[in-house]
């Protein structure tokens, strides 16, 4: 193949789905792909069937690659790698021969049945109890039994390929929201991060100080993320007293540019704050569980709350600027739609930041957002529309695509 393999970019509302003309039955699979993501969760690739629970699915789960295989006898899982949400390219490969995967399959049913190969979002959901999280990142070189499906879709060499993901290595700013003043903030349901935590968000601001995130809890437990004199602080207490980890960025971050923040806490109680490419870690002895209660506040607090904040929390004002791609331990909230409470002027979008949906090849279903679509069934009967490059897209028939792939 000439040149570099095609790259697809996904912003959490995007997918690529290959519909095979006849149902496929395979007894041997060789699947590989490359991925890059800053999220610890998200569907990479999955085969799905309209008629059965059969699946071969690869997804990011807590920064590891999780392979789920179901040949009709119930799912088997396998994990590989760790800390793969590092914004670097990783290659994953799954090889099966009959019952053997480096994982032994029970039962006599050794054929994998599928109608679709899905990436980014899982749209075929009838037989799935827990839907994988949507993928935010980049995929390349998806090879299934010798077929390079991303390139086949791009070149129009496949009959039905539904996609609204974007070709090319594109900057991803998912669901940006602007907090217009330091007094504007919102609250969400309690952050669920009892035993471990993977948080991700992007921010852009010209203000050096501001509260980004806060959740209090039982006893003295709390978590706070704030911008202090242009640097990110992660402040927390799991019951042994407050700790602060300060980002070690080379320069202050209130430069009106987008910055990436990853905060993780693993089962060994290692806390890591990564701001753009620079990471700082701290091992915390003692209590391991973060027992949070009440609302999770985003971009600020109520007027009377700043006076009662824990020690080590510096902020006395809210965050003024843009937040995007907020990932709360595997949950991708729509900040405006999911808010339990809102105060002040908060707007969707961010000035000077084009959406991934608007900068691209052609307008593939640009209004589609699976987070707002409660009914994934296609009852529209809407026709396929031919798009440049021989691609086909069915408007009104865009299911959320989940990323599933296995190592």
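Numbering (the working numbering), first residue to last: 5 to 411. Note that CB positions come from ideal geometry on N, CA and C, so glycine has one too. Just so it is clear, the structure is predicted and the values come from calculations on it, not from any experiment.
- Judged by beta-carbon spacing, residue 124 lies beyond the 9 Å limit of residue 201, meaning their Cβ atoms are not closer than that value.
- Closest in alpha carbon position to residue 285, among 162, 238, 146, 324, is 238.
- Between the stretch 214–230 and the stretch 345–359 there are fewer than three C-beta pairs closer than 8 Å, too few to call the two in contact.
- Here the C-alpha atom of residue 89 lies approximately 29 Å from the C-alpha atom of residue 298.
- Rounded to the nearest whole angstrom, the C-alpha separation of residue 304 and residue 348 is 10 Å.
- In the displayed model, residue 62 falls within a strand according to three-state DSSP.
- Excluding five sequence positions before and after residue 66, the CB atoms of its chain that fall closer than 6 Å to its own CB belong to 44, given in chain order.
- Ranking 48, 294, 206, 224 by CA distance to the CA of residue 323 puts 206 first.
- By alpha-carbon distance to residue 343, the top candidate from 261, 314, 213, 194 is 194.
- For residue 141, the three-state secondary structure derived from DSSP is strand.
- If you ignore the 5 residues before and after residue 35, its C-beta comes within less than 6 Å of the C-beta of 98, 148, all in its own chain and listed in chain order.
- In its chain, beyond the 5 residues on either side, 57, 58, 59 have a beta carbon closer than 7 Å to the beta carbon of residue 74.
- In this structure the stretch 308–321 lies against the stretch 222–242, because at least three pairs of beta carbons, one per stretch, are closer than 8 Å.
- Distance check between residue 327 and each of 95, 189, 199, 87 places 189 closest, using alpha-carbon atoms only.
- Counting other Cβ atoms within 10 Å of its Cβ, residue 95 stays below 16 and is therefore classed as exposed.
- Leaving aside the five residues that flank residue 25 on each side, the residues in its chain whose CB is nearer than 8 Å to its CB run, in chain order, 163, 164.
- Annotation: residue 178 to residue 312 spans about 33 Å, alpha carbon to alpha carbon.
- Where residue 156 is concerned, the enclosing alpha helix (DSSP H) starts and stops at 153–158.
- Rounded to the nearest angstrom, the Cβ distance from residue 20 to residue 154 is 7 Å, consistent with a contact under 8 Å.
- Here the alpha carbons of residue 199 and residue 243 stand approximately 13 Å from one another.
- Look at residue 311 here: in three-state DSSP terms it is helix.
- For residue 276, the uninterrupted beta strand (DSSP E) run begins and ends at 274–279, by DSSP.
- The continuous beta strand (DSSP E) containing residue 165 extends over residues 164–167.
- Put simply, the backbone Cα of residue 33 is about 5 Å away from that of residue 100.
- In the same chain as residue 172, and ignoring 5 residues on each side of it, the C-beta atoms closer than 7 Å to its own belong to 11, 13, in chain order.
- In the structure shown, residue 80 adopts extended strand secondary structure according to DSSP, grouped into three states.
- The C-alpha of residue 289 lies about 29 Å from the C-alpha of residue 91.
- For residue 249, the closest C-alpha among the options 335, 279, 272, 127 is that of 279.
- Going by DSSP, residue 182 is part of the beta strand (DSSP E) stretching over 181–183.
- Beyond the five residues adjoining it in sequence on each side, residue 185 comes within less than 7 Å, by CB distance, of 324, 348, 349 in the same chain, given in chain order.
- Just measuring C-alpha positions, the residue of 336, 9, 301 sitting nearest residue 187 is 301.
- Nearest in C-alpha terms to residue 268, of all of 78, 256, 197, 232, is 197.
- Under the three-state reduction of DSSP, residue 70 is assigned to strand.
- In this chain, residue 233 is not harboured by any beta strand (DSSP E), its DSSP state being neither H nor E.
- Between residue 272 and residue 140, the gap from beta carbon to beta carbon reaches 9 Å or more.
- Looking at the DSSP output, residue 240 sits in a beta bridge with 227, 247.
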